[in-house]
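Chemist:
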Amino acid sequence: MRRSASFSESFREVGLLVFIVIICAIFQLRNHNFLTLTNIRDLLTNTAILSILSVGMMMVILTRGIDLSVGATIALAGMISALTVNAFRSISPIVSILEGMAVGTVAGVLIGVLIARFNVLPIIATLGFMNIIRGLTYVVSKGAWVSAYQMSDGFKHIATGNILGVSNPIIIAVVINAAFFYFINHMKTGRQIYAVGSNPEAADISGIPRRRIILLVYTVMGALAGLGGVIWVAKFASAQSDTATGFELSVIAATVLGGVSIAGGSGKVSGLILGTILLGILNNALPLINVSPFWQQAIQGIVILAAVLTNVLVKRNNQRFALRRRAI
Amino acid sequence: MERSIRVDRLWSWRSFFFQWEWLLVVIFIAVNIVNSTLSSYYFNVDQFLSTPMTFLDKAFLVLPMTMVIILGNIDISVGSTVALSAVIMAVAYNAGLPMVLAVLLCLLVATACGWINGMLMTRFKELSSVIVTLATMIIYRGIAYVILQDQAAGKFPTWYSALGWGAVGKVPIILIAFAVCAVIFWILLHKTSFGRKIYGMGSNLTASRYSGVKTDSIILIVSVLTGLMAGVTALFLTSRMGSTRPNVAQGYELDVIAMVVLGGVSTSGGKGRLAGPLLSIFIIGFLYYGLGLVNIQAQTLLIIVGLLLIISVLVLNVRFRERFQGSVPSAAREAAERRPDGKTP
Numbered sequence: 031m032r033r034s035a036s037f038s039e040s041f042r043e044v045g046l047l048v049f050i051v052i053i054c055a056i057f058q059l060r061n062h063n064f065l066t067l068t069n070i071r072d073l074l075t076n077t078a079i080l081s082i083l084s085v086g087m088m089m090v091i092l093t094r095g096i097d098l099s100v101g102a103t104i105a106l107a108g109m110i111s112a113l114t115v116n117a118f119r120s121i122s123p124i125v126s127i128l129e130g131m132a133v134g135t136v137a138g139v140l141i142g143v144l145i146a147r148f149n150v151l152p153i154i155a156t157l158g159f160m161n162i163i164r165g166l167t168y169v170v171s172k173g174a175w176v177s178a179y180q181m182s183d184g185f186k187h188i189a190t191g192n193i194l195g196v197s198n199p200i201i202i203a204v205v206i207n208a209a210f211f212y213f214i215n216h217m218k219t220g221r222q223i224y225a226v227g228s229n230p231e232a233a234d235i236s237g238i239p240r241r242r243i244i245l246l247v248y249t250v251m252g253a254l255a256g257l258g259g260v261i262w263v264a265k266f267a268s269a270q271s272d273t274a275t276g277f278e279l280s281v282i283a284a285t286v287l288g289g290v291s292i293a294g295g296s297g298k299v300s301g302l303i304l305g306t307i308l309l310g311i312l313n314n315a316l317p318l319i320n321v322s323p324f325w326q327q328a329i330q331g332i333v334i335l336a337a338v339l340t341n342v343l344v345k346r347n348n349q350r351f352a353l354r355r356r357a358i
Numbered sequence: 007m008e009r010s011i012r013v014d015r016l017w018s019w020r021s022f023f024f025q026w027e028w029l030l031v032v033i034f035i036a037v038n039i040v041n042s043t044l045s046s047y048y049f050n051v052d053q054f055l056s057t058p059m060t061f062l063d064k065a066f067l068v069l070p071m072t073m074v075i076i077l078g079n080i081d082i083s084v085g086s087t088v089a090l091s092a093v094i095m096a097v098a099y100n101a102g103l104p105m106v107l108a109v110l111l112c113l114l115v116a117t118a119c120g121w122i123n124g125m126l127m128t129r130f131k132e133l134s135s136v137i138v139t140l141a142t143m144i145i146y147r148g149i150a151y152v153i154l155q156d157q158a159a160g161k162f163p164t165w166y167s168a169l170g171w172g173a174v175g176k177v178p179i180i181l182i183a184f185a186v187c188a189v190i191f192w193i194l195l196h197k198t199s200f201g202r203k204i205y206g207m208g209s210n211l212t213a214s215r216y217s218g219v220k221t222d223s224i225i226l227i228v229s230v231l232t233g234l235m236a237g238v239t240a241l242f243l244t245s246r247m248g249s250t251r252p253n254v255a256q257g258y259e260l261d262v263i264a265m266v267v268l269g270g271v272s273t274s275g276g277k278g279r280l281a282g283p284l285l286s287i288f289i290i291g292f293l294y295y296g297l298g299l300v301n302i303q304a305q306t307l308l309i310i311v312g313l314l315l316i317i318s319v320l321v322l323n324v325r326f327r328e329r330f331q332g333s334v335p336s337a338a339r340e341a342a343e344r345r346p347d348g349k350t351p
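Chains A and B are the protein sequences, given in the same order. Note that the first sequence covers residues 31 to 358 in our numbering. Note that the second sequence covers residues 7 to 351 in our numbering.
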């Protein structure tokens, strides 16, 4: 049983890897500029924000939750940090990042308290907050944009700068993924997230602070969305009220594509990273092979559906396999 | 509120007035009093009959959504279904299909969308309705974008716009159509065995299945009804707007879910009546109208409807918790609140 399960999980990652290779080969055949160093770097930079957020979304989904508010949180955090930079130009980029993360954390704590303390369904709480936060973004900005000339170079440097030729967003994403890998696999709280997701009653009975874990998960999600918001605004050098509308769907797509089960309690960081890269390729490279951008949403939806259906079928197959072994 | 044991409870004045619906009536009156202080033209019969035209299109979705939520499920694909069916209808009409057939096509497409949701939910029971309808929400909207890109389609015949703008005497057609649908759904939910089974499945799906309820076909029927009503919404919406774009009906799912939840339908399933959501349609509708009178922006309305949703869920959750507190140990109670098949609702 144990062996078959681990086999099928690594099978998923190998499958994702093979799929990424195939899709890269197809893109390269259609457009020879696809596998150039510049393009790969652009693609990874564009995927960095997605990767940062999918880390948080993986934790949320592990606890059987879902968070639809992250797109709005990106917009609000980005907008507030951009407005601050506009008002005080000499502010340090580090302060901007912390400010964005603080905004995200507040949103995350509020959502987390609703879900953990008051038993509000995650979908309801985050759907409500998606609109509240989006509305707040309009109110804060009064519908106006913050444009490139209103931002200091230091602020824009958050996303455009690089260390040894690797751009800052990629470095931030790699650091966060590495920290997350250690946290979720080797720390007590990280393991408790899995426990809460795979069996909440058992987690309660074995003394795991389930409510606190759920609160933590949504708080971290909010903080990461805030960080993503600052990077987003710095990267595009423009903060708008409708920034990142629908981005939550990309994040959820990347997460379920990476094999994080929507039923909670199972999923691996390696799968998550592969899923994020695959979705990043699909999101960024379609224009390179002349696929109309209007196809993007439909493709994303089909990817989500295909990923969750594959998860179910693989799981069913595993169970049948396990039963047959037991019968012998 | 406890539908399951209401039958053998004695009727009393106390229990009659201690109902969620009375609170809604009070809120409705309060909203209207506030509105009438905002505009001196507010209080007259014509106004009262014509205002519903502005918000009743999404009200058709509240009827099946109440069933969906009583089942313990949720459907966030309704807005996209409206968009897809409206877009296909408009494109088919512009391609030369007679309007009557285009209308039928619209209903057919919407029903098919609902049927697909239902099939996915019943064939893949491991998946929660959240993720199924999330995926189809993106797919339906995505298909609408693929078909129409950033164009608009429409130029419908004049008789068609009468559907949304016309009136019989002083009563708008949309209000009559909605009343008919509401009565049909009320009978379905409260006076037929189909409705009783929905409540049963909402409070305990496994028990319902073991007592011989064909749970799959009921989920499928409710999904198909949701799709059909999304088609009706699309008809009235396009008729009022005169044309359609792929981004119509964006965010309808939030409004509709907010209306149902404000109406006292518990999101954990099995509890609630149709009367509550019917009242909250008019509360939220008139609230929007009144806020429009004082020039509150659409974006601020987002905050208000979001807050309404959160607050009404909070109040309902706290109320139910008080009622059950003390009698059942907490872990067991929460286990009971969750869906019996181990999925989070």
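Quick reminder that beta carbons are idealized off the backbone N, C-alpha and C, glycines included. From a predicted model like this one, the values you see are computed outputs, not experimental measurements.
1. Using the rule of at least 16 other Cβ atoms within 10 Å of the residue's Cβ for burial, across every protein chain shown, is Val-300 of chain B buried or exposed?
2. Keeping to the same chain, check which residues put their C-beta closer than 7 Å to that of Ala-274 of chain A; ignore five residues upstream and five downstream.
3. Taking the beta carbon of Tyr-179 of chain A as the centre, do at least 16 other beta carbons fall within 10 Å, making it buried, or is it exposed?
4. Anything in the stretch 157-184 of chain A with a Cβ closer than 9 Å to a Cβ of chain B? List those residues in chain order, please.
5. Any Cβ of chain A within less than 8 Å of the Cβ of Phe-330 of chain B?
6. So what's Leu-343 of chain A in DSSP terms, helix, strand or just coil?
7. Mind reading off the beta-carbon distance from Thr-164 of chain B to Ser-83 of chain B? Whole number of angstroms is fine, and I expect it under 8 Å.
8. How about the stretch 166-176 of chain B and the stretch 242-251 of chain B: do they share at least three Cβ pairs that are nearer than 8 Å?
9. Quick one: does Glu-43 of chain A have its CB under 8 Å from some CB of chain B?
10. On the premise that Leu-245 of chain A lies in contact with Gly-142 of chain A, defined as a C-beta separation below 8 Å, what is that separation, rounded to the nearest angstrom?
11. Spatial neighbours of Ser-300 of chain A within its chain, please: CB distance less than 8 Å, with the 5 preceding and 5 following residues excluded, ordered by chain position.
12. Look at the alpha carbon of Phe-351 of chain A and the alpha carbon of Pro-252 of chain B, and state the distance between them as a whole number of angstroms.
13. Of all Cβ atoms in chain B, is any one closer than 8 Å to the Cβ of Ala-253 of chain A?
14. Candidates B:Asn-323, B:Phe-292, B:Leu-313, B:Ile-309: which alpha carbon is nearest Thr-60 of chain B's?
15. Give the DSSP bridge partners of Pro-178 of chain B, in chain order.
16. Near Phe-66 of chain B, which residues of its chain fall below 7 Å by C-beta distance, leaving aside the five closest residues on each side in sequence?
17. Just grab the DSSP bridge partners of Val-196 of chain A for me.
18. Compute the Euclidean distance between the alpha carbons of Lys-298 of chain A and Ile-202 of chain A, then round it to the nearest angstrom.
19. Would you list the one or two residues that DSSP bridges to Val-176 of chain A?
20. If you drop the 5 nearest sequence neighbours on each side, which residues of the same chain put their C-beta closer than 7 Å to that of Lys-186 of chain A?
21. Judging by CA-CA distance, which residue of A:His-62, A:Phe-57, A:Leu-166, A:Ile-91 is the nearest neighbour of Asp-272 of chain A?
22. Output the distance between the C-alpha atoms of Leu-309 of chain A and Gly-130 of chain A, rounded to the nearest integer angstrom.
23. With three or more beta-carbon pairs closer than 8 Å as the criterion, would you say the stretch 311-323 of chain B touches the stretch 263-271 of chain B?
24. For Met-87 of chain A, which of A:Ile-303, A:Leu-67, A:Asn-320 has the nearest alpha-carbon?
25. Does the structure place the stretch 196-205 of chain B close enough to the stretch 90-102 of chain B that three or more beta carbon pairs sit under 8 Å?
26. Which residue spans inside the stretch 251-317 of chain B form an unbroken alpha helix (DSSP H) run of at least 4?
27. Check whether chain B comes within 8 Å of Gln-58 of chain A, counting only Cβ atoms and requiring the distance to be less than that.
28. Apart from the five residues just before and just after Ser-214 of chain B, which ones in its own chain have a Cβ nearer than 7 Å to its Cβ?
29. Is Ser-144 of chain B close to chain A, meaning its C-beta is less than 8 Å from at least one C-beta of that chain?
30. Just to confirm the assignment: which complete alpha helix (DSSP H) runs, minimum length 4, are found wholly within the stretch 95-162 of chain A?
31. In the DSSP assignment, find the alpha helix (DSSP H) that holds Lys-161 of chain B and state where it starts and stops.
Modeler: Looking at the atomic coordinates:
1. With fewer than 16 other Cβ atoms within 10 Å, it is exposed.
2. So the list reads Gly-101, Ile-104, Ala-105, Trp-262, once near-sequence residues are dropped.
3. So Tyr-179 of chain A ends up on the exposed side.
4. Within the stretch 157-184 of chain A, the qualifying residues are Leu-157, Gly-158, Phe-159, Met-160, Asn-161, Ile-162, Ile-163, Arg-164, Gly-165, Leu-166, Thr-167, Tyr-168, Val-169, Gly-173.
5. At Phe-330 of chain B the pLDDT is 45, less than 50, meaning the model places this residue with poor confidence; the figure from the coordinates comes in the next sentence. Using a Cβ-Cβ cut-off of 8 Å, Phe-330 of chain B does not count as an interface residue toward chain A, since no Cβ of chain A sits closer than that to its own.
6. In the structure shown, Leu-343 of chain A adopts helical secondary structure according to DSSP, grouped into three states.
7. Not confirmed; about 32 Å, so no contact.
8. Contact between the stretch 166-176 of chain B and the stretch 242-251 of chain B is present, because at least three Cβ pairs lie under 8 Å.
9. By this cut-off, Glu-43 of chain A is not an interface position.
10. Indeed they touch by this definition, with Cβ atoms about 4 Å apart.
11. If we look at Ser-300 of chain A and ignore the five residues flanking it on each side, its Cβ neighbours are Glu-43.
12. In this structure, the straight-line span from the alpha carbon of Phe-351 of chain A to that of Pro-252 of chain B is close to 45 Å.
13. Taking Cβ atoms only, chain B never reaches closer than 8 Å to Ala-253 of chain A, which makes this a no.
14. Minimum Cα distance to Thr-60 of chain B is reached at B:Phe-292.
15. Answer is B:Ala-173.
16. Same-chain partners within the cutoff: Phe-184, Cys-187, Met-235, Val-238, Thr-239.
17. Per DSSP, A:Ile-193.
18. Inter-residue distance for Lys-298 of chain A and Ile-202 of chain A is about 20 Å (C-alpha atoms, whole angstroms).
19. Beta-bridge annotation (DSSP): Val-176 of chain A is paired with A:Ala-269.
20. Within its own chain, the residues whose Cβ lies closer than 7 Å to the Cβ of Lys-186 of chain A, once the five positions on either side in sequence are excluded, are Ala-264, Ala-267, listed in chain order.
21. When the alpha-carbon of Asp-272 of chain A is set against those of A:His-62, A:Phe-57, A:Leu-166, A:Ile-91, the nearest one is in A:Leu-166.
22. Using only the alpha carbons, I get a separation of about 25 Å.
23. For the pair of segments examined, the stretch 311-323 of chain B was found to touch the stretch 263-271 of chain B: the number of CB pairs separated by less than 8 Å reaches three.
24. It is A:Ile-303 whose Cα lies nearest to the Cα of Met-87 of chain A.
25. Touching, no, given that fewer than three Cβ pairs across the two stretches are closer than 8 Å.
26. Unbroken alpha helix (DSSP H) runs of no fewer than 4 residues, entirely contained in the stretch 251-317 of chain B, are found at 258-268, 281-299, following chain order.
27. Not one chain B Cβ lies under 8 Å of Gln-58 of chain A.
28. Hits under 7 Å: Lys-203, Gly-206, Met-207, Thr-221.
29. According to the sequence provided, residue 144 of chain B is Ile. The question's Ser does not apply to it. Answer yes: the Cβ-Cβ gap between Ile-144 of chain B and chain A drops below 8 Å somewhere.
30. For the stretch 95-162 of chain A, the full-length alpha helix (DSSP H) segments reaching 4 residues or more read 100-117, 123-148 along the chain.
31. Run containing Lys-161 of chain B: none; DSSP gives neither H nor E here.
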